[in-house]
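As structure tokens, the structure follows; a few thoughts come after it.
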Amino acid sequence: LKSCGGFNHILLTNVHHAKCVTRLLWTLLGSCFLSTVFGYKPVVVVHGLFDSSADFTDLNQFINQSHPGTNVSVIDLFDRSASLLPLWKQVEGFKEAIYPIMQNSADGVNLICYSQGGLICRGILSVLPDHNVHSFISLSSPQAGQYGDTDYLKYLFPKFVKSNIYRVCYTSLGQRISICNYWNDPHHREMYVNSSDYLALLNNERPHPNSTVWKENFLRIKKLVLIGGPDDGVIMPWQSSHFGFYDDNETVVEMKYQDAFLRDLFGLKTLYARGDLEMCSVPGVQHVYWHSNETVYKTCIEKWLT
């Protein structure tokens with residue numbers, strides 16, 4: 001009341017008090033008006049390996065600055081070391097947390113899924129037949145798999161180099177570790193296809209009874225936005241964030257020449273033909289800064305959160 005009236009005491013006249021209340025009401029109504037008129041859908045954020053919801057305050061702020069009144073839910077599950085649990089277990093947990101948000105959002109929701117979280121979101125979108133996701137924004141996620149010696153891997157497997165990790169990952173025990181669920185060794189392709197309990201199934205690289213339904217479910221999205229960049233330093237190859245990956249010579253093959261795209265195994269080619277697949281590349285961004293970099297937000301994310 002002091003600031004509204006501009007005095008140093010609280011003895012305001014009825015006129016001054018009325019002006020203050022009116023101004024407050026207009027502020028509240030204005031926020032609701034912006035949210036209603038511009039149709040800002042709720043945003044759900046799923047974190048990556050070793051992260052927690054606390055790491056996404058900058059992203060939350062970016063969204064609310066550009067889209068006032070947006071309901072942003074950063075799901076607080078499988079934080080830090082718990083993010084190493086098998087991805088199907090995480091899919092189930094995140095799905096149970098996100099589904100009520102979808103049910104309460106008649107116009108749909110937008111997903112922003114970072115790093116490993118992008119693969120978790122793909123799992124949710126594949127198994128949930130009535131999801132209402134509009135934009136699925138994959139933020140530096142190893143969508144085509146991971147194959148590289150990073151600090152994360154050296155922490156998890158200090159005695160192994162990338163060429164030997166398959167010996168652990170392509171076992172039933174290894175598949176209990178999240179990163180092994182999407183470890184894609186281009187030199188042991190057959191072992192990957194036969195052993196991966198997660199990525200090979202999502203990609204329909206190993207046929208399974210649910211492949212047709214999963215593809216249909218995934219294609220319910222209205223827009224797929226793939227974000228990554230050459231200076232990421234963790235996602236290897238970085239083009240995996242755009243569904244590119246190594247051949248057996250470790251030469252990167254772009255998405256459009258990948259078998260999964262050419263045969264439209266899970267819907268990528270369909271999305272591309274519909275005009276609903278967008279790719280955004282930003283140089284100079286290290287992996288841990290994708291969700292706190294305002295340039296990334298303005299360039300690659302903001303326009304899809306309508």
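Under my numbering, read the sequence shown as residues 1 to 306, first letter to last. A virtual CB, placed ideally from N, CA and C, is assigned to each residue, including glycine.
My assumption, with CB atoms under 8 Å, is that residue i sits in contact with residue j. Please give the rounded CB distance.
i: residue 137; j: residue 227; result: 7 Å
i: residue 209; j: residue 246; result: Going by Cβ atoms, the distance from residue 209 to residue 246 rounds to 30 Å, so no, they are not a contact pair.
i: residue 203; j: residue 265; result: 6 Å
i: residue 43; j: residue 224; result: That pair is no contact at about 16 Å.
i: residue 144; j: residue 205; result: So it is not a contact: roughly 11 Å between Cβ atoms.
i: residue 154; j: residue 110; result: Actually they do not touch by this definition, with Cβ atoms about 35 Å apart.
i: residue 116; j: residue 196; result: 15 Å between Cβ atoms; not a contact.
i: residue 133; j: residue 108; result: 7 Å
i: residue 232; j: residue 285; result: 7 Å
i: residue 262; j: residue 271; result: In fact, because the Cβ distance is near 14 Å, the residues do not count as touching under 8 Å.
i: residue 141; j: residue 241; result: 6 Å
Taking Cβ positions, are residue i and residue j nearer each other than 8 Å?
i: residue 149; j: residue 162; result: yes
i: residue 217; j: residue 199; result: no
i: residue 95; j: residue 63; result: no
i: residue 237; j: residue 252; result: yes
i: residue 292; j: residue 85; result: no
i: residue 91; j: residue 73; result: no
i: residue 188; j: residue 235; result: no
i: residue 219; j: residue 275; result: no
i: residue 105; j: residue 222; result: no
On the CB-based measure, 16 or more other CB atoms within 10 Å of its CB, does residue i come out buried or exposed?
i: residue 26; result: At residue 26 the pLDDT is 44, less than 50, meaning the model places this residue with poor confidence; the figure from the coordinates comes in the next sentence. Label assigned to residue 26: exposed.
i: residue 31; result: In this prediction, residue 31 has a pLDDT of 41, which is less than 50 and means its spatial position is unreliable; what the coordinates show is noted afterwards. With fewer than 16 Cβ atoms within 10 Å of its Cβ, residue 31 is classed as exposed.
i: residue 290; result: buried
i: residue 239; result: buried
i: residue 300; result: buried
i: residue 21; result: Because the pLDDT of residue 21 is 41, which lies under 50, any placement of that residue in the model is unreliable, and the question is left without a value.
i: residue 70; result: buried
i: residue 296; result: buried
i: residue 257; result: exposed
i: residue 80; result: exposed
i: residue 172; result: exposed
i: residue 175; result: buried
i: residue 146; result: buried
i: residue 298; result: exposed
i: residue 23; result: Reliability of the predicted coordinates at residue 23 is poor, the pLDDT of 49 falling under 50, and no value is obtained from them.
Could you tell me which of the options sits nearest to residue i, measuring between CA atoms?
i: residue 57; options: 166, 225 and 76; result: 76
i: residue 52; options: 248, 269, 114 and 105; result: 114
i: residue 97; options: 151, 249 and 128; result: 128
i: residue 215; options: 294, 165 and 126; result: 126
i: residue 103; options: 78, 88, 131 and 81; result: 131
i: residue 190; options: 174, 170 and 175; result: 170
i: residue 139; options: 112, 165 and 146; result: 112
i: residue 67; options: 55, 39 and 282; result: 39
i: residue 82; options: 47, 193 and 250; result: 47
i: residue 302; options: 50, 65, 100 and 207; result: 65
i: residue 294; options: 61, 54 and 50; result: 61
i: residue 50; options: 193, 244, 151 and 201; result: 151
i: residue 243; options: 99, 122 and 54; result: 122
Any heavy atom of the ligand FMN closer than 7 Å to the beta-carbon of residue i?
i: residue 294; result: With respect to the ligand FMN, the structure shown offers nothing to examine, as it has no ligands at all.
- Task: Return the chain-ordered ranges of every beta strand (DSSP E) run that is complete within the segment 194-251 and spans a minimum of 3 residues.
- Result: Runs of the beta strand (DSSP E) inside the segment 194-251: 223-228.
- Message: List, from N- to C-terminal side, the alpha helix (DSSP H) runs of 4 residues or more that fit wholly inside the segment 36-117.
- Response: 57-66 and 87-103
- Message: Which runs of the alpha helix (DSSP H) at least 4 residues long sit entirely within the segment 256-294? Give them in chain order.
- Response: 259-262 and 268-274
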